[in-house]
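Per my numbering, residue 1461 is the first one in the sequence shown, and the count goes up by one each step.
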Amino acid sequence: MIRGITDTVKHLIIINVIMFIGTVTIGNGQLFNQWFALYFPENSLFEPWQIFTHMFMHGGIGHLFFNMFALWMFGTAVESQLGSKKFLFIYISAGLGAVLFQLGYYYFNYVPLHEELLASGLSEASLVEMFTSNSTVGNVSSEQLAMLKQAFPIYNASMVGASGCIMGILAAFGMMNPEAKLMLIFLPIPVKAKYFIPGIIILDIISALTGQSFFSPSNTAYMAHVGGAITGFLIMWYWKKNQFNKNRWDR
């Protein structure tokens, strides 16, 4: 075992690194992304297994490094306190919660646009053709073009990364260690976890609603972060409230 890291965290990091190596070495980066990134369900590239596999994919070395650094830092602490089974349950559940929130956000924005485009006279087949080819088909009005420009990035969106999972782990860490002091790498001011983590979530919500990025690239799936954090919080809240049966989740 690597010193200073728990078993499950170590194995998760290894899996993420292997997937990243596969992404950059096989099929010029496109093959793994096509298979394992999570696509919008209306897109023909969507496959059910992507709901899980996208959690182990990353968009670049920086994305991978910072996620794995956070996983090591907070995941090791959470796994040490909760045990491997409960830690992994939170990790995967937070990833699924991230999917639910992000896809829900996509659908919330996509469905009205899709319905208006159909009502304006465009067919489903022509919409799919335009979304997949990134070009217009036939005569398209300025109003239709404006809606197409809004719907196109949603239809073609793909999601990768363990950020949702890690946000769930971060929320669990904060629930168990509310007085622990945390700080951002580029803003070395210590803040208690009970204030730091809600602050990060609020900034993610603002970014999702306004498009204004604070700490990450503008194409970040902010609602996935929010969904992961809320899932982690709810699981910990439930366990604490109901005095979770430790014998059922033996270490």
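Glycine is no exception: its CB is placed at the ideal position from the N, C-alpha and C atoms.
For this session: Please confirm if the segment 1499-1514 is in contact with the segment 1606-1625, defined as three or more CB-CB distances below 8 Å between the two stretches.
Result: Cβ pair count under 8 Å is three or more, so yes.
Exercise. Which first and last residues belong to the alpha helix (DSSP H) in which GLU1584 is found?
Worked result: GLU1584 -> alpha helix (DSSP H) spans 1584-1593.
Exercise. Quick one, which of ILE1665, LYS1641, ALA1668 has its alpha-carbon nearest TYR1655's?
Worked result: Ranking the options by Cα distance to TYR1655, first place goes to LYS1641.
Problem set entry | Stretch pair the segment 1576-1590 + the segment 1628-1642: three plus CB contacts closer than 8 Å | The way I'd put it, the segment 1576-1590 doesn't touch the segment 1628-1642; fewer than three beta-carbon pairs between them come closer than 8 Å.
For this session: Please classify GLU1539: is it buried, with 16 or more other beta-carbons within 10 angstroms of its beta-carbon, or exposed?
Result: Result: buried.
Exercise. Helix, strand or coil: which one does DSSP assign to LEU1605?
Worked result: Helix.
Exercise. In the structure shown, what three-state DSSP assignment does SER1540 receive?
Worked result: In the structure shown, the three-state DSSP call for SER1540 is helix.
For this session: Report the residue from ASN1702, TYR1570, LEU1605 whose alpha carbon sits nearest the alpha carbon of LEU1582.
Result: Of the listed residues, the one whose Cα sits closest to LEU1582 is LEU1605.
Exercise. Nearest to ALA1681 by alpha carbon, out of SER1623, ALA1530, TRP1699?
Worked result: Of the listed residues, the one whose Cα sits closest to ALA1681 is SER1623.
For this session: Leaving out five residues on either side along the sequence, give the residues of the same chain with a beta carbon under 6 Å from the beta carbon of HIS1514.
Result: Around HIS1514: ALA1497, LEU1498, MET1619, VAL1620.
Problem set entry | Residues that LEU1498 bridges to, as DSSP identifies them | DSSP, once it has assigned bridges, lists MET1619 as partnering LEU1498.
For this session: Have a look at the DSSP bridge pairing and note the partners of VAL1686.
Result: DSSP lists no partner for VAL1686.
For this session: State the beta-bridge partners of LYS1652 as determined by DSSP.
Result: Beta-bridge partners of LYS1652 (DSSP): LYS1641.
Problem set entry | Neighbour-count burial assignment, SER1467, 16 or more Cβ in a 10 Å radius | Strictly speaking, residue 1467 in this sequence is Asp, with Ser absent from that position. Its Cβ having fewer than 16 others within 10 Å, ASP1467 is exposed.
Exercise. In chain order, what residues of the same chain lie with their CB nearer than 6 Å to the CB of PHE1529, ignoring the 5 residues before and after it?
Worked result: Taken in chain order, the list of residues that qualify is empty.
For this session: Would you tell me roughly how many angstroms separate the C-alpha atoms of PHE1612 and ILE1511, rounded to the nearest one?
Result: Roughly 21 Å between the two C-alpha positions.
Problem set entry | Cβ-based burial, GLY1555 [other Cβ within 10 Å; buried from 16] | Around the beta-carbon of GLY1555, 16 or more other beta-carbon atoms lie within 10 Å, marking it buried.
Problem set entry | In chain order, each alpha helix (DSSP H) run of at least 4 residues that lies wholly inside the segment 1525-1571 | Annotation note: the segment 1525-1571 contains the following uninterrupted alpha helix (DSSP H) runs of length 4 or greater, listed N- to C-terminal: 1536-1542.
For this session: Tell me whether the beta-carbon of ALA1684 lies closer than 8 Å to the beta-carbon of GLN1562.
Result: A contact, by the Cβ cut-off of 8 Å.
Exercise. In three-state terms, what does DSSP make of LYS1701?
Worked result: Looking at LYS1701 - three-state DSSP - the assignment turns out to be helix.
Exercise. Is ILE1473 buried or exposed, if buried means 16 or more other CB atoms sit within 10 Å of its CB?
Worked result: With 16 or more other Cβ atoms within 10 Å, it is buried.
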